Amino acid sequence: MLELLTRSFEASTILVLAALGELISQRAGVLNVGLEGLMLFGGTLAFITAQSTGSYILGVLAGLAVGGFLGLAHGFFSITLRGDQVVSGMGLWILSFGLTTYIGSPYTGPLGMERIQTPFGLSPFVYLAVILVAAAWLLVFRTGPGLAIRSSGENPSAAEVSGINVAAIRYLCVTFGGMLAGLSGATYTLSYNPVWNYNFLGGWGFTSLALVFFSMWNPWILLAGASMFAAMWQLSLSPELVLPGILSRYIWRTLPFVTTIVILSIISTPWFRTRWGLARPEALGRPYAKE
Amino acid sequence: MRLGRYTLTLEPRPTLSPLHAVLTAILAIFVALALSSVIFLRSELGALSAYRVIFSYAFANPNGLFTTVHRAIFLLFCTFAFLVPLRAGLWNIGLPGQVYAGALAAFAVPFALQAHEAPSPLLPPGLTVLAMVLAAAVAGAALAAFAGILWAKLHVNEILVTMMLNSILFWFVSYMIKEGGPYMGATAEGESFLLPDALRAPTVLGVPFTAMLAVGAAALLDLFFAKTTLGYKIRAFGLNPAASRYAGINPVTLPVLVFVLGGAFAGLAGYHNFAAIPGLYKISGNYGYYGDLAFYGIISGLIARGGAAAIPVVLLFAGLSLGARLVQGQLHLPFGVDYALLGLLMMTFVPFLILYRFRIALRLAPKALPQISADVPKA
Amino acid sequence: MKAGTGRVRRPVPAPAIHSPEGSSIPGEPILSARGITKRFPGVLALDRVDLDVRAGEIRAVLGQNGAGKTTLMNILFGLVQPDEGQLYLRGRQVHFRSPHDALTIGIGMVHQTRKLVAAHTVLENLVLGNPGARGFLNLARARREIGELCQRYGVVLELGARVWQLSEGEKQWVEILKALYRGARILILDEPTSVLTPPEVKTLLTGLKALVSDQGVTVLVVTHKLPIVMAVSHAVTVLRSGRVVASLRTDEATEQILVRHMIGKDVSLRLTKAPVEPGRLLLQVEDLSAFSDKGLRALRGVSFVLREGEIFGVAGVTGNGQEELAQVIAGLRPTAAGRILFDGHDMTLRSPLARWRLGIGYIPAERAEVASIAQFSLVENTGLNFHFDRAFSTQGFFDYARLEQLTERIVDTYDVKAPHLHVQAQNLSGGNLQKLILGRVLSRKPRLLIAHLPTQGLDVEATAFVRGTLMETCSQGAAVLLISEDLDEILALSDWIAPIYEGRFAAILSRGEADAETVGAMMAGLRSEEAGAP
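So the protein sequences, as listed, match chains S, Y and R. One point on numbering: in numbering that gives the first Met the number 0, the residue at position 88 of the first sequence is 87, and numbering is uninterrupted. One point on numbering: in numbering that gives the first Met the number 0, the residue at position 236 of the second sequence is 235, and numbering is uninterrupted. One point on numbering: in numbering that gives the first Met the number 0, the residue at position 522 of the third sequence is 521, and numbering is uninterrupted.
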């Protein structure tokens, strides 16, 4: 039971990191539906780097770098070229899904390194995630740049005439979001489950994306939601810890996905939409053209 | 970008010609192939020879050609499953889930009739096959309709819902065919029962009849979008939902309808792949691979944008993904060359898709103007 | 200049005599433009424009829609970069890469469409982009500073309120205050009166005069409304088709001279609907209520009747429930309470499609976003009103050939200027697009036409054409529900006039009872009578 709890915390870290980056990116108005792809790429390169160099630090850096790079690419398509953000995001996801399967396949198997030390029984990534949540909240709601980010996502032309460089803000946020997604992938492959397998995430990234919609674009609610979801993921992976013998393990595996659909539907009902949905950045997903 | 006295800028094109779109698509495919050759450079064979092996197996070898055609039919159904909702502005990325649903429903017919063990007295084999096809289409449609209804009624993001349904169906298939699941085969572990000979899809010249459905659908789909009122409504909805609502187009039934149509195509793909391709006739343990393959439907849908135009694209993709598997073995390349190809095609095509709306312009730069100073001189 | 954290700089001494150019009186220009040229794809928006604005004056820039006024102002504010030409501030050349540069040297702009973040508070909007807001936000200090600023200018604003809760007049003051908080000494206002009620206009103009005389601010007012020019400006520059056609002192100008400069010829704007013998009762609206997208009760119990041959004019400033009224009657928004009877049938729950079929035609205000599809050809756009028409489809197939014939007829009859019928709608100008939409909807021969802001943003000729068409439609027996912000338009065309304020009709006046002053006051919520049915 305790193990389920600590594992849940570690699992929630993966969701939190990816969703937090996406939250900031969406606050600035850029939607990246290819989040899972960025996580896959970050996780895969982190795994390969760590295994080749024997250094966790370098692995994490590789994850951050590739995530940031893909975020930047998404920024180029959606900000500079004003392309359809969904096309670009889906493209990044399929690209990553395809390429990581190929790149990673020679490394299929366990990482084979000593596990990362766990201060107080939890992976250091857990602490990092909580700190980042607090920092993100401060940034978004308590600082001038945060106000600029929120304004860029709500009404970019109002931000522009106030002297804000909307394109720069969006680039920064989408790149930062990509880096966090890469870090999230690295957390998965280096700490949570250090075994590489093709398409190892199997939907975590899409769940993270759903979490952002659920969070009202507020980091603290995101943290709470992620913990809840992570507990469910953990339960679905090892139901025997809680409810042995009920239902096939395969049916349990569908639990997080069914719950995601149910929760997405609930927060989309008119009753919720007029309360919950008001936090949705007004210009989310819309390319911004000056003039 | 500044080049001497000139500036290099990207400007939107004022008009977009169809020819230009075709050329862009072809160019994108060539660039993707060129990029993929990096993979083959690692082998002693060299990129050109690798491609020769791929294409000669996929299109010149009789065995290879049949497999290519079978796979192309599967991809064609998947392409339409993605394309129809896309024309209404909606993303059906639930192709794998709907494929699985189609397969499960198709196998449910003989299962329910107890016809998978002995010929059923209830329904003659011909009608059973027909029922299987219908069940597959209905199941795919129903699964997609679920996403469509959630979108139409509540605006729940269709990408997320269809993606979640993929995972749900993936595990559900495992439940059905593995570890004592209802469909588990008598002998094999982790596979469904084998369809009896009588219930296998009839073939014409070695190609199952589903080919005719797919090619017929290709032609009808173009006619549908270009000439019918419903096709007009779907296009209008895809370009501008607010305007189509103003014009009296029902904003609930139309999105559900496109998902139903798309899902039916994906269901047929599931039927075709697991119940019609000679040599398989069961839901195999590696069904997930075919689910992943269905994602090729997204990219060929984005590239072809139409029914007939999709045929050459899916043939190419089918041949490439098959041949890639072959050379992977021959050249001792890592697993997943076909996945890499999928990724590379997406990587080149998306930039092309976005970039082709722009042109690169080289213009004489305006003379540099002095920068403002922060201090305003006193009047 | 110190990029002040809210401190308004010491006022520069205002020149003793206002000395606009055009006459020979000398004076130091504070802001000058020389040879400004700007091209947009297919359009020469500005053609070698020169402008001199003198310190401490109110300069009006007058011109019709499409004359290039807004483009010129966007260039002065750094939002748009000119293709050719230079800008000078106090004789020194300046180059604006973005609004940031303009703001830094003291130019602020209040845009025609509000550039405020609706979801944020007034305070957050005022602080946004301020150089003082680099690190952690010190909202308490900003609140104090802005409080002082408000006091100095006599502005009353609830700083904690969300912007979407404010009236248009209040939003405008937020924008003005924002410019001043950034230390603007030159204030550009683009069509500042377009969405204000007459009393709000009065307050604004008084406030602007005070800014200039007491604080030495220089003001540029862009407008197409002559009374505004005459009321506040010291000098006026007239733009026509991207060129400066005149620059003169306001006290030397008359309305007639300015109109001639603005339009280029004498055009009679006076069109008045001939009274008609009212026909059959067609539309009965009883106690109608509806919610806005934000879930607020935007329409609060509206009742009226409309007979064949009549125009019922709803006058009001945007955001008082007009859009909801139009949408509810067209079936695009659910009715919260009340009912709609059309020709005796209860329409309240019928779909938009059913209402089209029964003869309710709707011309929404957003002609490019809602009434047409930018990427569709003209023929396909015509299809928007005919895809459900049995005459245009056989067994599910759309009769595109017939649609093309119809489109050709519309283009001819309604004088739509387009290169050919298969050009995308986004290539049409606003006026031509509106004529196409009008022709398309009228080809259905609707018995009731809902026209929402039908002439907004159109040039004089197109406006006259649209108004003429509306009257002609009525003379053929249809009824028109005209919703407009343009009081002159309402008064000239309507048989019945209903000023709308906060979702209610202040009154329903017959043509004889209505005059501009009464209706204007009612639009502002200042006076109301018991709304009685005609």
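For each residue, glycine too, the CB sits at the ideal point set by N, CA and C. Small disclaimer: the values here were computed from a predicted structure and weren't measured.
- Close to residue 257 of chain S, with beta-carbon spacing below 9 Å, are these residues of chain Y in chain order: 163, 167.
- Here the stretch 123 to 142 of chain Y does not lie against the stretch 217 to 228 of chain Y, with fewer than 3 beta-carbon pairs under 8 Å apart.
- Residue state for residue 293 of chain R is assigned as coil, using DSSP reduced to three classes.
- Residue contact check for residue 146 of chain S against chain Y: no CB pair falls below 8 Å.
- Between residue 421 of chain R and residue 371 of chain R, the gap from beta carbon to beta carbon reaches 8 Å or more.
- Setting aside the 5 residues that flank it on each side, residue 275 of chain Y is surrounded in the same chain by 200, 207, 209, each with a C-beta closer than 6 Å to its C-beta; the list follows chain order.
- Under the DSSP assignment, residue 259 of chain Y falls outside any beta strand (DSSP E), being part of the alpha helix (DSSP H) whose first and last residues are 252 to 270.
- Under the rule that a run must span 4 or more residues, the alpha helix (DSSP H) segments found entirely inside the stretch 372 to 449 of chain R read 377 to 381, 399 to 412, 429 to 441.
- Those residues of the stretch 119 to 132 of chain Y placed with their C-beta closer than 7 Å to a C-beta in chain R do not exist.
- Cβ contact annotation for residue 209 of chain R (same chain, cutoff 8 Å, sequence separation greater than five): 152, 153, in chain order.
- Nearest CB-CB separation between residue 129 of chain R and chain Y: not below the 8 Å threshold.
- Segment contact: the stretch 126 to 146 of chain Y against the stretch 252 to 266 of chain Y, three or more CB-CB distances shorter than 8 Å; contact assigned.
- Under the three-pair Cβ rule at 8 Å, the stretch 27 to 37 of chain S counts as touching the stretch 84 to 100 of chain S.
- Ranked by how close their Cα comes to the Cα of residue 435 of chain R, the residues R:465, R:458, R:451 have R:465 in first place.
- Pairing residue 204 of chain R with residue 173 of chain R gives a Cβ-Cβ distance that is not under 8 Å.
- Beta-bridge annotation (DSSP): residue 37 of chain R is paired with R:45.
- Along the stretch 25 to 44 of chain S, the positions whose C-beta sits under 8 Å from a C-beta of chain Y are 32, read in chain order.
- Annotation: the continuous beta strand (DSSP E) that includes residue 85 of chain R extends over 83 to 88.
- Under the criterion of beta carbons closer than 8 Å, residue 277 of chain R and residue 360 of chain R do not qualify as touching, at roughly 20 Å.
- Of the residues assessed, residue 188 of chain Y falls on the exposed side of the cut-off, its CB having fewer than 16 other CB atoms within 10 angstroms.
- The criterion of a C-beta distance shorter than 8 Å is not satisfied by residue 496 of chain R and residue 320 of chain R.
- About 17 Å separates the Cβ atoms of residue 177 of chain S and residue 82 of chain S, ruling out a contact at the 8 Å cut-off.
- Around residue 273 of chain Y, the same chain offers 102, 282 as residues with beta carbons nearer than 6 Å, after the five sequence neighbours per side are excluded.
- Closest option to residue 331 of chain R, judged by alpha-carbon separation, among R:350, R:424, R:315, R:339: R:350.
- Using a CB distance below 7 Å, the part of the stretch 227 to 248 of chain Y facing chain R consists of 227, 228, 229, 231, 232, 235, 238, 239, 241, 242, 244, 245, 246, 247, ordered along the chain.
- In terms of Cβ geometry, residue 222 of chain R and residue 202 of chain R do not form a close pair [threshold 8 Å].
- Within the stretch 281 to 308 of chain Y, no run of beta strand (DSSP E) at least 3 residues long lies entirely inside it.
- Just measuring C-alpha positions, the residue of R:344, R:440, R:167 sitting nearest residue 245 of chain Y is R:440.
- Using a Cβ distance threshold of 8 Å, residue 57 of chain S and residue 49 of chain S count as a contacting pair.
- Taken atom to atom, the span from the alpha-carbon of residue 85 of chain Y to that of residue 91 of chain Y is near 7 Å.
- With distances taken between CA atoms, residue 184 of chain R lies nearest to R:107 out of R:107, R:383, R:233.
- Residue state for residue 110 of chain S is assigned as coil, using DSSP reduced to three classes.
- In this structure, DSSP gives residue 131 of chain Y a helical state, which the three-state scheme calls helix.
- Chain order gives no chain S residues near residue 19 of chain Y, where near means a beta carbon separation below 8 Å; the closest approach is about 16 Å.
- Membership of residue 231 of chain Y in any beta strand (DSSP E) is not indicated; the residue belongs instead to the alpha helix (DSSP H) covering 228 to 238.
- Around the CB of residue 12 of chain S, 16 or more other CB atoms lie within 10 Å, so the residue is classed as buried.
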